[in-house]
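Sequential numbering from 24 applies to the sequence shown in this note's numbering. All C-beta atoms in this analysis are idealised placements derived from N, C-alpha and C, irrespective of residue type, glycine included. Everything numeric in this text was worked out from a predicted model, so none of it was measured.
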Amino acid sequence: MSVSAASAGTGVFVLSLMSIPICYLFNSLIANSAQAFIFAGCSTVIIILSIAHFMFKKKAPADPLFYVYAVYAFFSVVNLIIGLEQDNIIDGFVTFYLRQANPHINTAHGHMISYWDGCVHYLMYLLMIAAITWGDSYRAIGLYWVGSFLMRAIVYILGSTVGKHGTEVNYFFLLHMLYISVSIWACFRIFSQPSTQEDELAEAEQKSLLHRPLDLLFIIYLVPAFAFCVFRGLVVLDCSSTWCQEYTQQYEPYLKDPTAYPKAQMLVGMLYSGPYYIITLYGLMVPGCEWMPDLTLVHSGALAQAQFTHICASLHTRTPFSYRVPAGGQPVFLLVNILYALMPQALCYRCLTRPAFFLRPTPDKKTD
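#1: Are Val100 and Gly141 closer than 8 Å when you measure CB to CB?
#2: Which residue wins for smallest C-alpha separation from Asp86, given the options Asn129, Asp114, Leu48 and Thr156?
#3: For Leu40, count neighbouring C-beta atoms within 10 Å of its own C-beta (all shown protein chains included) and say buried if the count is 16 or more, exposed if not.
#4: Please report how far the alpha carbon of Arg212 lies from the alpha carbon of Leu103, in whole angstroms.
#5: Would you mind working out which of Ala325, His339 and Ala327 sits nearest Gln353, comparing C-alpha positions?
#6: In the DSSP assignment, the alpha helix (DSSP H) including Ile180 goes from what residue to what residue?
#7: State the Cα-Cα distance for the pair Tyr47 and Ser137, rounded to the nearest angstrom.
#8: With a threshold of 7 Å on Cβ separation, who are the neighbours of Arg175 within its own chain once the five nearest residues in sequence on each side are excluded?
#9: Could you check which residue in Ala350, Asp110 and Val94 has the C-alpha nearest to that of Ala209?
#10: Is Phe116 helix, strand or coil when you go by DSSP?
#11: Please report how far the alpha carbon of Tyr161 lies from the alpha carbon of Asp238, in whole angstroms.
#12: Is the distance from the Cβ of Ala287 to the Cβ of Leu173 below 8 Å?
#13: Can you list, in chain order, the stretches of the alpha helix (DSSP H) that have 4 or more residues and sit fully within the stretch 234-314?
#14: Helix or strand or just coil, what does DSSP make of Val143?
#15: Please determine, among Ser206, Leu149, Cys371 and Tyr270, the residue with the shortest C-alpha to C-alpha distance to Tyr346.
#16: Using the C-alpha atoms, what's the distance from Thr184 back to Ala96?
#17: Val94 lies in the alpha helix (DSSP H); which residues open and close that run?
#18: Following the continuous alpha helix (DSSP H) through Arg383, name the residue where it begins and the one where it ends.
#19: For Leu201 and Ser51, what's the separation of their Cα atoms in angstroms?
#20: Count the other CB atoms, across all protein chains shown, that sit within 10 Å of the CB of Gly170; report buried if there are 16 or more and exposed otherwise.
#21: Between the stretch 113-120 and the stretch 316-324, do at least 3 Cβ pairs fall closer than 8 Å?
#22: Leaving aside the five residues before and after Gly292 along the sequence, list all residues of the same chain whose C-beta is less than 6 Å from its C-beta, in chain order.
#23: If you count every other CB in all the chains shown that lies within 10 Å of the CB of Thr33, and 16 or more means buried, which is it?
#24: May I have the straight-line CA-CA distance separating Ser296 from Leu362, to the nearest angstrom?
#25: Taking C-alpha atoms, which residue in Val259, Gln123, Ile334 and Leu370 lies nearest to Gly182?
#26: Going straight from the alpha carbon of Phe249 to that of Phe119, what length do you get?
#27: Spatial neighbours of Phe36 within its chain, please: CB distance less than 7 Å, with the 5 preceding and 5 following residues excluded, ordered by chain position.
#28: CB-CB under 7 Å to Tyr92, same chain, minus the five flanking residues each way: which ones, in chain order?
#29: Whose CA, out of Arg383, Pro281, Gly256 and Asp280, lies closest to the CA of Leu294?
#30: Can you tell me whether Trp139 is buried or exposed? The criterion is at least 16 other CB atoms within 10 Å of its CB, across all chains shown.
#31: Going by CA-CA distance only, name the one from Ser218, Ile301, Asp280 and Ser215 that's closest to Leu245.
#32: What would DSSP say about Met135, mapped onto helix, strand or coil?
#33: When you compare the CB positions of Tyr277 and Thr342, do they come within less than 8 Å of one another, or not?
#34: Determine the closest residue to Ser231 out of Pro44, Leu38, Phe380 and Ala31, with distance taken between C-alpha atoms.
#35: For His199, count the other beta carbons within 10 Å of its own beta carbon; 16 or more makes it buried, fewer makes it exposed. Which is it?
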């Protein structure tokens, strides 16, 4: 790696921090017109791209995602500022935007998304930019981001169109759709990168399931995880079962929040995580499923984002009191939901660090 490439990565980090004075300046100058704010936002993107091109035209790598992640890192810091101002930790940076923005940003779900994007996504953008500048593969981090982004995008679109704010969709929603379109293109770019898995097959990994206790533990976990995601999907579909009603009242009244974001999230979980658990059961029992590491990366990223948002929004003061988790049910709520979030991360780590079981033997090794 050259010094110029390293300076390009450092430049992206410095550029992202410029969002702090820019937000304060725009908030001070633009106080009356939403259209002017939109124009200022678009102008900011153009300015960022122009500065990035000027700074990095002789230094930046050829990968176009370098520029995409540079812009995304800038707006991740903006999202962190939004979250901090909503919690009254800072003031005077995005006050006007919070009054004019899509109502989603002022819900508990949108509030937690701001923190997730401003912290976790920001870290991922910097890591991927660093990998690009070093000439290393960023496919693993990219797939984790893909899962997180897809979960966020699907829930945002569904919740914004069918919830109580469905009639308040404005031009900010259309701008967000532009972000989603560019991100989908980035997802395809990441998927098209070659895998970095080693082409080998360890004989130790061909043992039966009874001789692979860790995999057996994951299989045991997948069964209740499948039942849990289906159960919560039935809850948001207004299942009349006594179990569903009692669970909602005692542990997760947030599932009935009229904003519809938790309902959309649980439905996405039931329709996508449910089949995933079944496919993963097969992948852990049958050797040679080369798609397992990639699949677990995408799913673990999606579930990490979903569970962080769901847990924090269920407890946050932006959620009406009647939809927050009751004090008596918080220990069970936290235990179940944290375990539900952490186990996919452990399974993903297992698949990435010991992928030999999922690799198909080469013709030469089959002959031997």
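Reading off the structure:
#1: yes
#2: Thr156
#3: Exposed: under 16 other Cβ atoms inside 10 Å.
#4: 27 Å
#5: His339
#6: Arg162 to Val185
#7: The alpha-carbon atoms of Tyr47 and Ser137 are separated by roughly 18 Å.
#8: Only Ile136 and Gln328 meet the Cβ criterion.
#9: Nearest option by C-alpha distance: Val94.
#10: Phe116 falls in the coil class under three-state DSSP.
#11: 27 Å
#12: no
#13: 236-259, 265-273, 284-291 and 297-308
#14: helix
#15: Cα-wise, what sits closest to Tyr346 is Tyr270.
#16: For the pair Ala96 and Thr184, the Cα-to-Cα distance works out to about 27 Å.
#17: Leu88 to Gln109
#18: That residue, Arg383, is in no alpha helix (DSSP H); it is neither H nor E in DSSP.
#19: 26 Å
#20: buried
#21: no
#22: Cys252
#23: exposed
#24: 15 Å
#25: Checking every option, the nearest Cα to that of Gly182 belongs to Val259.
#26: 43 Å
#27: Leu149
#28: Tyr148, Met151 and Ile152
#29: Gly256
#30: buried
#31: By alpha-carbon distance to Leu245, the top candidate from Ser218, Ile301, Asp280 and Ser215 is Ile301.
#32: It is helical.
#33: yes
#34: Phe380
#35: buried
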